[in-house]
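Protein chains in written order, with this note's numbering: chain A, 1 to 176; chain B, 1001 to 1181; chain C, 2001 to 2303. Don't be surprised by glycine CBs; every beta carbon is placed ideally from N, CA and C.
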């Protein structure tokens, strides 16, 4: 019974541990912004803690660089189960602009399994709050893959719209 | 003395009341000029690949699967939302939309792909000036391109005429094993 | 009713255990309101404790002091809660134990925290433990003098010294002086700003508790919450003796309401002050210790 109560209490009281694996600090500043009075994420019960042993969620920011690669893994091991990992920013997603440089291992997913991605460079604090709310189940997912196909040649499309214009738009000719 | 200043501090601090925005319930409109995820308009895109050439994170990939069809793939994972693609596009087909609520559990949810018809030159297969032989102009990657969509990588090979064997070779491309595997 | 003295310790334990997280929630909500934000709901610490109980218990140091320390701290504070005359009614232990036991048990709780911190094999915990030691040393004399004041007035060291006003002592100059000293010292008793040096969150990554996870950490947090409530109760009981009606349930409710006001004061002072360095705190406390000794001298003289 206690286990059931604990499971119910888990999403209402997530404690975050912020792990910066070589980030430029843009995402870190946005994460701190999320705790400020405007975007106050503490109303969801979320707190930022200093030790991974107290945390439930690891917020990973930064493209995982070579020196921090084993450290990120150790930080994740230090978090007691059940745990989640959020990758914040485009560096944690895939390495950002530096995905193929000499010191970067290509994003958070190469070091730790990431459960939720929050894209952005840096993500707005509202985007981070949205990502957290998505993980808690408060909102629905808005991103979806988009596939666009051209069904006619561009020149045909242009001629078609020009013909429509000539039929429907009244051109006022200024004489004189 | 100290006490009165502390009391004044408390009164000052309590004046604004509650400033928390009720965020997931109500959202504010984004500021003007905000750069969210780029959005392509497939009716305007001519498939020049300028956005792919200028992307600093090599997030936009182009692949010619046959002489007439080019796939332009935006893999949003590494996008830094800089807006260079929108600046460079000659047809203004890319617009930085105000979407920023992109959080997801799956990386494939933030991709966009365009399938475009390309007109071909009746004589040589693609309009391309065969007289340019120097290395610098060849770096411009005009011609047919074969970026790997599976490995989400830009492959800097381009051919003057469509080469199905190069296409086949790049289909199986895997990024080299560097740090940490 | 004679049976009441057997039941009242249990009522103490029940009331304190149930309401300690609520008072902590009040503190967090007040801090949020002062920072102009919405803040967590009042029942948030209950959820925190439940969630911590459901996590995996990583035994990172692997030694028995590490495992035993949270139990020791929690047990010590719980026994203190059971002993105190909550609601103006002494329990069954009143004839057998005295206030020295109360001071001893609170120190034991602090030593348990130190034991856990030193068994953690972590440098941050070591620094946190050394600061916690200094804090304990400087806080204990003021606590002891608060209880000894009542003992001097009632001429006995029994547990009634924790409620001297109710037991018949008069509110004199020494009590007034001690009231001021206790209010000035309250923040260090409950380990809040400006005196939360041991658990300095940003500086020391949670200090002595850095290696504790899950259920162990829940026990420590619960022990801290109970300690907070105890100190607020001590203030109400020793220095506000006119808050009593004689009827046991009404007394409990009145004392809880007064404790709530004390908690609001703690929260207010805690949110508007920066944290002091350990040497600044010791200097501040040295003055308070001298004043409290002066209060005892006045009480012995009869004033």
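Just the C-alpha distance for residue 41 of chain A and residue 1024 of chain B, rounded to the nearest angstrom, thanks.
-> 11 Å
Excluding the five sequence neighbours on either side, which residues of its own chain have a C-beta within less than 6 Å of the C-beta of residue 2297 of chain C, listed in chain order?
-> none
Taking the C-alpha atoms as reference points, what is the distance between residue 126 of chain A and residue 2175 of chain C?
-> 53 Å
Leaving out the 5 sequence neighbours to the left and right, which residues in its chain are closer than 6 Å to residue 2055 of chain C when beta-carbon positions are compared?
-> 2214
Using the rule of at least 16 other Cβ atoms within 10 Å of the residue's Cβ for burial, across every protein chain shown, is residue 2237 of chain C buried or exposed?
-> buried
Check whether the Cβ atoms of residue 2089 of chain C and residue 2008 of chain C sit closer than 7 Å, and answer yes or no.
-> yes
For residue 2161 of chain C, which of C/2102, C/2274, C/2137 and C/2223 has the nearest alpha-carbon?
-> C/2102
From residue 2184 of chain C to residue 1015 of chain B, what does the alpha carbon distance come to, in whole angstroms?
-> 27 Å
Contacts around residue 1002 of chain B, its chain only, beta-carbon distance under 6 Å, and the 5 residues preceding and following it disregarded | none
For residue 1110 of chain B and residue 1040 of chain B, believed in contact at Cβ under 8 Å, the rounded distance = Contact doesn't hold; Cβ gap of about 13 Å is too wide.
Tell me, to the nearest whole angstrom, how far the beta carbon of residue 2266 of chain C is from that of residue 2027 of chain C; I am working on the premise that it is less than 8 Å.
-> 7 Å
Look at residue 76 of chain A and residue 58 of chain A and say whether their C-beta atoms are less than 7 Å apart.
-> yes
Closest Cα partner of residue 23 of chain A within the set A/69, A/156 and A/149 = A/69
Could you list the residues in the stretch 1037-1071 of chain B with a C-beta less than 7 Å from some C-beta on chain A, going in chain order?
-> 1040, 1042, 1043, 1046, 1056 and 1057
Please list the residues of the stretch 107-124 of chain A that have a C-beta atom closer than 9 Å to any C-beta atom in chain B, keeping them in chain order.
-> 107, 109, 110, 111, 114, 115, 116, 117, 118, 119, 120, 121, 123 and 124
When you compare only the Cα positions, how much space is there between residue 2292 of chain C and residue 27 of chain A?
-> 50 Å
Give me the Cα-Cα distance between residue 1018 of chain B and residue 1149 of chain B, rounded to the nearest whole angstrom.
-> 49 Å
Answer yes or no: does any C-beta atom of chain A fall closer than 7 Å to that of residue 2053 of chain C?
-> yes
Within this structure, are the beta carbons of residue 2223 of chain C and residue 2093 of chain C separated by less than 7 Å?
-> no
When you compare only the Cα positions, how much space is there between residue 2229 of chain C and residue 1032 of chain B?
-> 51 Å
Under the three-state DSSP convention, the category residue 1115 of chain B falls into = strand
Nearest-angstrom Cα distance between residue 1030 of chain B and residue 1098 of chain B?
-> 7 Å
Report the neighbours of residue 40 of chain A on chain C: residues whose CB is nearer than 8 Å to its CB, in chain order.
-> 2032, 2037, 2038 and 2039
Within this structure, are the beta carbons of residue 2044 of chain C and residue 2025 of chain C separated by less than 7 Å?
-> yes
Within its chain, find whatever has a CB closer than 6 Å to the CB of residue 104 of chain A; leave out the 5 residues flanking it on each side and keep chain order.
-> 63, 65, 95 and 98
Starting from the C-beta of residue 1084 of chain B, find all residues in its chain whose C-beta is less than 6 Å away, skip the five residues before and the five after it, and write them out in chain order.
-> 1054
Along chain B, which residues have their Cβ under 8 Å away from the Cβ of residue 2268 of chain C?
-> 1010
Residue 955 of chain B - containing beta strand (DSSP E), residue span = Residue 955 of chain B is absent from the structure shown; chain B starts at 1001 and stops at 1181.
Taking Cβ positions only, does residue 1022 of chain B come closer than 7 Å to chain A?
-> no
First and last residue of the beta strand (DSSP E) that includes residue 87 of chain A?
-> 84-88
What does a CB cutoff of less than 7 Å around residue 2151 of chain C pick up in its chain, not counting 5 residues either side in sequence?
-> 2099, 2157 and 2161
Are the Cβ atoms of residue 88 of chain A and residue 118 of chain A separated by less than 7 Å?
-> yes
Alpha helix (DSSP H) runs contained entirely in the stretch 2155-2220 of chain C, provided each spans 4 or more residues | 2173-2189 and 2201-2204
Where does residue 1096 of chain B fall in DSSP's three states?
-> strand
Can you list, in chain order, the residues of its chain whose CB lies under 6 Å from that of residue 2239 of chain C, leaving out five sequence neighbours each side?
-> 2179
If you draw a straight line from the C-alpha of residue 2067 of chain C to the C-alpha of residue 2173 of chain C, how long is it?
-> 47 Å
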